[in-house]
Each structure stands twice: as C-alpha cells, then as structure tokens.
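One structure below.
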Amino acid sequence: MGEGYEEFEATSLFCPRCRKAVPIRKKLLLVLPTGTKYDYLCAECGLPVGAKVDHDPTEFRRTAPRPGRPGRLPEARGPGTGFPPGRRRR
-10 MGEGYEEFEA
0 TSLFCPRCRK
10 AVPIRKKLLL
20 VLPTGTKYDY
30 LCAECGLPVG
40 AKVDHDPTEF
50 RRTAPRPGRP
60 GRLPEARGPG
70 TGFPPGRRRR
C-alpha cells in the first residue's frame, strides 16, 4: 500500500450552536508523557467542537526537568525578609 497521512490538522468543524461549519481555534489542554491533548473551539462562539491527542511526546520532554537535576526552590535571602542579608526595605 502507499503511504498514508500521519496526522490531520482541522481548519473548520461543524458547530452545533452556530449550526454551520466554522473556523476553529486550537487550545492546548494537557502535556502528558504519552503526548499532547488539544481542544478545538468554535472561532465564533467558543463552544468546544472537537478534540485531538497528539501522540508525540517531544513537547513533554521539552517541558520536563532533566534527570539528575531536580528542581530546587530559591534560596532564602535573609531571615524572613525576602531581601539579601544586609539590605532592608525603605
């Protein structure tokens, strides 16, 4: 068989509220290790008219911290002030 399409990207979908095919806006919902989930919204009324799950985990890998480098909280700058030691609010 010939090569098929790997992925489709919707440009318009039917909106039940507007009762016609309308342009859509793609809204990012979740970034997961297995892929990314998007919601398609009607560009005219904002009603969700569809969804898509992209099974490419690249976006998750880009946002996840690298192994061996755990995220750290910022160090305290002064005793209870939030300012570096020796510096005070005016």
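Those letters in the sequence shown? Residues -10 to 79, per my numbering, in order.
Ideal Cβ positions, reconstructed from N, Cα and C, are used throughout, including at glycine.
For clarity, every value in this text was computed on a predicted model and none was experimentally measured.
Whole-Å CB distance - residue i paired with residue j, under 8 Å assumed
i, j, result
"Tyr29", "Val42", "The Cβ separation is near 12 Å, so there is no contact."
"Arg14", "Cys34", "Rounded, the Cβ-Cβ distance is 11 Å, inconsistent with contact."
Assigned exposure category for residue i - 16 Cβ within 10 Å defines buried
i, result
"Tyr(-6)", "exposed"
"Cys31", "buried"
Nearest to residue i (by Cα), restricted to the options the options
i, options, result
"His44", "Cys34, Glu33 and Thr25", "Thr25"
"Phe(-3)", "Leu36, Glu48 and Tyr27", "Tyr27"
"Arg8", "Glu48, Ala(-1) and Leu36", "Leu36"
Straight-line Cα distance separating residue j from residue i
i, j, result
"Pro46", "Phe3", "29 Å"
"Pro12", "Val20", "24 Å"
"Lys16", "Thr23", "18 Å"
"Leu18", "Glu(-8)", "30 Å"
"Thr0", "Ala10", "10 Å"
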